[in-house]
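Sequential numbering of the sequence shown, starting at -12, is according to the numbering used here.
Have a look at the structure below before the remarks.
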Amino acid sequence: MALNSVLIRSTPSELESCKVRLIHVLLIAYIYVILSECRKSLLVNNDSDFEMIDTRFMVGIQVFTNNMPNFTCSGFFVDIKWVVTSAHCLLNNVTYVKVFFGSLELKNCYSIESKYWMIYPEYDNVSDHNDIALIKVRIPLDLRNSVDILEVEKENWSKRLPFEKIVKKCLLIGFGSSDETGDRKLHLREYTISANNMKCSCVQKTIDIFCIFNDIDNDDALCYGDSGAPLICGRNAVGLATSSTKCIGNTSEANFCGKNMTNIFINLHYFQRWIRKQYYLRIIEHWGHNRNGDCYRFTEPKYSTVVSSVIFTFLHYRIHT
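Dropping the structure here:
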């Protein structure tokens, strides 16, 4: 027998002990998988192509103004530490926000507080162009199974849609409600999008927005609390819900919900580079005057453009390789 060969003989009792241990390990692994599956938030819609949607990327956002609860928006995890939502949700003396996740009903969700957010620098609160913001969050390790990531579409599909005459089936998911003070539950609204219903007759047209005409009258239309909700085509987010208006010719009428409304979305394709950039190159600048009135924003660090680009490229390569 070679010196580096070892003959191991196991007794029947040792073999039985190994079998018992193996069964215990497999049982623990099975229980872990079951618990993980139970933590998933699922929406079921049997009347559409979207039969079961894992919605762990969705969040509800409770905004506190002067330390008092104000209104609710929607959003989604684009990264384990970052939530995308609408910029207009974070205006007017916002003290902090609560981010809710992990359930179909807002009242049953886990919640965490955040005082750190970044509004897109060129956001216009009059026209609502560039209406996008990021909220930074810290998810406890024991709750990370309740979180999933929704990626932003890299292709600018809305630009080529009118020319290729294609039809896309997409899904809006949000915590909105037709009742301004009603309970907030996740709801879904299916859109069949084509060149015929992508009309913005009363909205100033820019590359950062697109519109969808809603001709269906039901409770799942874009409504109160849906600002910041993602429009999902395929597996990626293509749009961010910002508002709903009624177009009368070239003018708009203030009306938020229901049939014959023009739903306005931010085209996320144009903001994906800005979103990724915030992961690495934003630092915190203090705005407030005291502990009770603290408010924070993110500002660009004092690096040159060249140095910033080199750092961003290096970090992006390290993370994605």
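Don't be surprised by glycine CBs; every beta carbon is placed ideally from N, CA and C.
As assigned by DSSP and simplified to three states, the class of residue i
i: Phe258; result: helix
i: Thr72; result: strand
i: Tyr110; result: coil
i: Gln191; result: coil
i: Arg222; result: coil
i: Ala228; result: strand
i: Asp118; result: coil
i: Arg131; result: helix
i: Lys102; result: coil
i: Lys334; result: Look at the range of the chain in this structure, -12 to 308, and you will see that residue 334 is not part of it.
i: Cys25; result: Only weak support exists for where Cys25 lies, its pLDDT of 36 falling under 50; the value from the coordinates is given anyway. Helix at Cys25.
i: Leu77; result: helix
Whole-angstrom distance between residue j and residue i, CA atom to CA atom
i: Tyr107; j: Leu77; result: 11 Å
i: His256; j: Lys156; result: 18 Å
i: Val50; j: Gly212; result: 11 Å
i: Met105; j: Lys233; result: 30 Å
i: Leu218; j: Ser61; result: 12 Å
i: Glu142; j: Arg222; result: 12 Å
i: Thr249; j: Thr229; result: 11 Å
i: Phe162; j: Val225; result: 18 Å
i: Val139; j: Met55; result: 32 Å
i: Ser133; j: Ser214; result: 22 Å
i: Val81; j: His75; result: 11 Å
i: Asp111; j: Leu91; result: 32 Å
Buried/exposed call for residue i, threshold 16 Cβ in 10 Å
i: Val113; result: exposed
i: Asn247; result: exposed
i: Lys123; result: buried
i: Asp118; result: buried
i: Ser231; result: buried
i: Glu109; result: exposed
i: Ile48; result: buried
i: Ser98; result: exposed
i: Arg260; result: exposed
i: Ile199; result: buried
i: Asp129; result: exposed
i: Ile235; result: exposed
Cβ-heavy atom distance, residue i to the ligand GDP, below 8 Å
i: Pro56; result: Questions concerning the ligand GDP fall outside what the structure shown contains, since it holds no ligand whatsoever.
inquiry  = For the structure I just gave you, are there three or more beta carbon pairs, one from the segment 53 to 72 and one from the segment 259 to 267, closer than 8 Å?
reply    = yes
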